[in-house]
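Structure first, then comments.
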Amino acid sequence: MDSREVGFPGYMVYCGLMASLTSLSIGYVIGSPNVPETAIRGTDGHCDPAAPHSGFPGCFEFADLLWGFAVGSFCLGALAGGLSGGTVQNVFGRKKTMFISNIFFIVGAILLALTYHQAQFIVGRIIIGFACGLGGVVAPTYLGEISSIKGRGTMGTMYQLLIVVGILISNLIGLGLSTSPKWRILLAINGIPPLIQMFLLPSLVESPRYLVSQNRLEEARVSLQKLRGSNSNIEHEFADIVQLLLGRGSSAATRPNEDSAFEEYKADPEAAVTATNAGASKNYSIVRLFTSECKGLALLGILIHFLQQASGINGLIYYSTTFLGDVFGSGNSKYITVGVSCCNLLATLASVALIDRTGRRTLLLISFAGVSLSSILLVIGAYADVGVLVVVAVFLYTAAFAIGLGPIPWLLLSELLPTYALSSASAVATGVNWGTNFVIGLVFPSLNKGLGNGTFILFAAFTAFGFFYTWFFVPETRARSIEEIMAEKGVAPRSDYM
Numbered sequence: 001m002d003s004r005e006v007g008f009p010g011y012m013v014y015c016g017l018m019a020s021l022t023s024l025s026i027g028y029v030i031g032s033p034n035v036p037e038t039a040i041r042g043t044d045g046h047c048d049p050a051a052p053h054s055g056f057p058g059c060f061e062f063a064d065l066l067w068g069f070a071v072g073s074f075c076l077g078a079l080a081g082g083l084s085g086g087t088v089q090n091v092f093g094r095k096k097t098m099f100i101s102n103i104f105f106i107v108g109a110i111l112l113a114l115t116y117h118q119a120q121f122i123v124g125r126i127i128i129g130f131a132c133g134l135g136g137v138v139a140p141t142y143l144g145e146i147s148s149i150k151g152r153g154t155m156g157t158m159y160q161l162l163i164v165v166g167i168l169i170s171n172l173i174g175l176g177l178s179t180s181p182k183w184r185i186l187l188a189i190n191g192i193p194p195l196i197q198m199f200l201l202p203s204l205v206e207s208p209r210y211l212v213s214q215n216r217l218e219e220a221r222v223s224l225q226k227l228r229g230s231n232s233n234i235e236h237e238f239a240d241i242v243q244l245l246l247g248r249g250s251s252a253a254t255r256p257n258e259d260s261a262f263e264e265y266k267a268d269p270e271a272a273v274t275a276t277n278a279g280a281s282k283n284y285s286i287v288r289l290f291t292s293e294c295k296g297l298a299l300l301g302i303l304i305h306f307l308q309q310a311s312g313i314n315g316l317i318y319y320s321t322t323f324l325g326d327v328f329g330s331g332n333s334k335y336i337t338v339g340v341s342c343c344n345l346l347a348t349l350a351s352v353a354l355i356d357r358t359g360r361r362t363l364l365l366i367s368f369a370g371v372s373l374s375s376i377l378l379v380i381g382a383y384a385d386v387g388v389l390v391v392v393a394v395f396l397y398t399a400a401f402a403i404g405l406g407p408i409p410w411l412l413l414s415e416l417l418p419t420y421a422l423s424s425a426s427a428v429a430t431g432v433n434w435g436t437n438f439v440i441g442l443v444f445p446s447l448n449k450g451l452g453n454g455t456f457i458l459f460a461a462f463t464a465f466g467f468f469y470t471w472f473f474v475p476e477t478r479a480r481s482i483e484e485i486m487a488e489k490g491v492a493p494r495s496d497y498m
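For the sequence shown, full-length UniProt numbering assigns the number 498 to the last residue and increments by one with no breaks.
If you want it as structure tokens, here you go:
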């Protein structure tokens, strides 16, 4: 069977799940401060910051702005990790980059669990944030590069799915560990998924596309064969990968017949070796990317990443226990928060099922419209003092985000851009994503204190803009080659790569 026709070989799915332990860790980091916030800050009335437990303070005094910075500070580390991630994964490879990110996850978890001062808490969050940023570049890249053509959409959403699972796990564990000093155990668990992944990484293959880019063609062939299964014929797909890295079109639209890449490679494989050596150094730098013909497509994907965070989703994830507590009381709000995480998971599973049937653009439009309308409903419910409407709006908001805005930005760039522009664009997009995340985490407590749930009217405006931007500018990428999308947008392949 031609490997271009396979769906979900078992080993490919295994590699995807193991790589997605990175996103599980990211989700756990995002959700872990939410439920135990009052215990960490000592605002639940059960902790005196001056009274130590086993030599460590049971809680810490955090003003609203400082707590916002402490929660959001991991995004500063993630910004640095994201911006450096493209270079790191190109130099060390995908597997070694995941290993490096795991080291930072574990060190950060240890610092957080053994926190003795607010400053140490913030440093721990920044270090673990660096791991999130680095992992946020390499995990989606690896998933995209090992995926079969038919499994690309579902495998791409696996990244967001495991983030959501991580958030839910942190909230569930937080219900039992949201007291002093048990919150330290909750934060220490941050280190378990990366430790598991670190030991399982040797069982994964390196990305065949990365190996080709490094002129390790025989290793790449073995890797691709293992990913597609022993009964699959990988020759045509392997030739496509090699020829795409040479810059020659791999779609039927750019060659006389669909197997010309294979015939060309078969006729002169040494030419592939020579050209790969030359092409490996031709990946765009960040500066080159934004003066190149690909800058428009790159900016399109980067703006979608910005809008993902400008929707306010992480304000909801970080602080839902607090602002829902203003409506329902802190005891009830913890359980509503867990319910919201369950809703997030179910909607993300729906996205996995729909993404290769409905298409990326359609789900983005539904998502932007749903988040904007539910944000408005949330504000109305808060000001009219209708608690049920607030809860319904929060659940609708979460479901609308998860079905499109959650997974698609991480998938979109790899479907818009050619190989030579992707790493730099992914690094910038990840940096923008985490940078916006930091700003939302920093200002949300103060905005919520000043505006109450009226804060969400700002997020409604951003997502309304996102709806119209997607409607007019974002192309559908489902079942389409990069070359087709570039042609639709009037972007010619760079001449020196041909």
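Note that beta-carbon positions come from the ideal geometry of N, C-alpha and C, so glycine has one too.
Asked, Found
"Residues sharing a beta bridge with D2, DSSP", "N233"
"Exposed unless 16 or more other CB atoms sit within 10 angstroms - verdict on E488", "exposed"
"Three-state secondary structure assigned by DSSP to P475", "coil"
"CB of M98 within 8 Å of CB of G58, strictly", "no"
"First and last residue of the uninterrupted alpha helix (DSSP H) at E218", "217-228"
"Rounded straight-line distance, which links the Cα of Y335 to that of V35", "9 Å"
"Environment of F468 [buried if 16+ CB atoms lie within 10 Å]", "exposed"
"Classification of G10 by the beta-carbon crowding that lies within 10 angstroms, buried from 16 upward", "exposed"
"Inter-residue Cα distance where the pair is G490 and T291", "16 Å"
"Helix, strand or coil at N34 according to DSSP, with G and I counted as helix", "coil"
"Inter-stretch contact at 8 Å, needing at least 3 Cβ pairs: the stretch 348-355 / the stretch 399-414", "yes"
"Inter-residue Cα distance where the pair is V138 and Q225", "22 Å"
"Straight-line gap, L316 to L187 (C-alpha atoms, nearest Å)", "20 Å"
"Bounding residues of the alpha helix (DSSP H) (the contiguous stretch that carries A19)", "10-19"
"Residue burial classification, E61 (beta-carbon count within 10 angstroms, cutoff 16)", "exposed"
"Extent of the continuous alpha helix (DSSP H) to which F290 belongs", "Segment: none, F290 is in no alpha helix (DSSP H) and carries neither H nor E."
"Rounded C-alpha distance that separates S213 from E219", "11 Å"
"7 Å Cβ shell around F462 - same chain, five flanking residues per side excluded", "L307, A310, S311"
"Beta-carbon proximity of S170 to Y28, cut-off 8 Å", "yes"
"For S285 and L172, the rounded distance between their alpha carbons", "42 Å"
"Contact belief for S25 with P193 at Cβ below 8 Å, rounded distance in angstroms", "5 Å"
"Whether C15 touches I163 by CB criterion (8 Å)", "no"
"F395 vs G72 beta-carbon contact at 8 Å", "no"
"Among R228, L217, L195, F465, nearest to V242 - alpha-carbon criterion", "L217"
"Among V474, I106, D240, L447, the one whose alpha carbon lies nearest that of G68", "L447"
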